[in-house]
Ligand SMILES: [Mg+2]
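Residue numbers (my numbering): 83 to 325.
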């Protein structure tokens, strides 16, 4: 009861009766995507990164903006991230790219106390699993007031530049964290990123957003049977589960 009293002051209509939702009592490892998962997809943060990806491709491959946009989406679709495509097909240097695309204005991003409290309430270890870079994750978590919540951040370097949804990415982070997959739950706004996690035995939760970003990638024909749960509100979902 004490934990429930400490939980976020959610709107009554958003609060489901604790213990009445999906059963997560087996979960001791909580794995969260970063962008568009720990902050809302409609706040313009990721849109800034997306614009800078196009800018980078435009300069690096000497293309028009229109062609660079199309090329960036094509690389993302075929390689999982734009960076992987630029590295494999064009020999791009990852450090320069990562620094450039994540050099964005975060002044509109503030603390999310309700989500922070909901995550803090989860028993066990918590991780961030992002196709972005560690420095970007640190800045975002700091703005959100969530730095203290996570045992580690697994980034694109942890995955040796093989991004989600490539199966090797999951092997890398499971090894890095010593994660027992059967006791893990993973949350991501991109459905296809959850399919390899579920195959490893993790419980998977798709955070549905209206962001166009998820619509450009590979494996968009993910069947709902490939994912365990879906929600359009992460805070509300975390309050609803049995833990
Ligand atoms: Mg995401």
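Positions of the beta carbon are idealized from the N, C-alpha and C atoms, including for glycine. These numbers were taken from a predicted model, which means no experiment stands behind them.
By C-beta, the residues closer than 7 Å to any heavy atom of ligand 1, given in chain order: 115, 116, 117, 118, 119, 270, 271 and 272
Buried or exposed by the 16-neighbour rule on C-beta atoms within 10 Å, applied to residue 162: buried
For residue 289, three-class secondary structure by DSSP: strand
Exposed unless 16 or more other CB atoms sit within 10 angstroms - verdict on residue 144: exposed
Beta strand (DSSP E) runs wholly inside the stretch 205 to 246, at least 3 long, in chain order: 207 to 211 and 234 to 236
Sequence-distant residues of the same chain with beta carbon closer than 6 Å to residue 301, five excluded per side: For residue 301, the predicted structure reports a pLDDT of 47, less than 50, and the residue's modelled location is therefore unreliable. A value from the coordinates is still provided. Contacts found: 274.
N- and C-terminal bounds of the beta strand (DSSP E) containing residue 313: 311 to 313
Sub-8 Å separation of residue 240 and residue 255 beta-carbons: yes
Cβ distance (whole Å) where residue 290 is taken to contact residue 314 below 8 Å: 5 Å
Member of 287, 204, 288 and 246 whose CA lies at the smallest distance from the CA of residue 111: 204
Residue 194 - DSSP class collapsed to helix/strand/coil: coil
Where residue 181 falls, given that 16 or more other Cβ within 10 Å makes a residue buried: exposed
Under the three-state DSSP convention, the category residue 324 falls into: strand
Beta-carbon proximity of residue 183 to residue 216, cut-off 8 Å: no
Separation of residue 196 from residue 317, as counted between CA atoms: 7 Å
With 16 other Cβ atoms within 10 Å as the buried cut-off, status of residue 218: buried
Residue 266 (DSSP reduced to helix, strand or coil): strand
Neighbour-count burial assignment, residue 141, 16 or more Cβ in a 10 Å radius: exposed
DSSP beta-bridge partners of residue 114: 210 and 269
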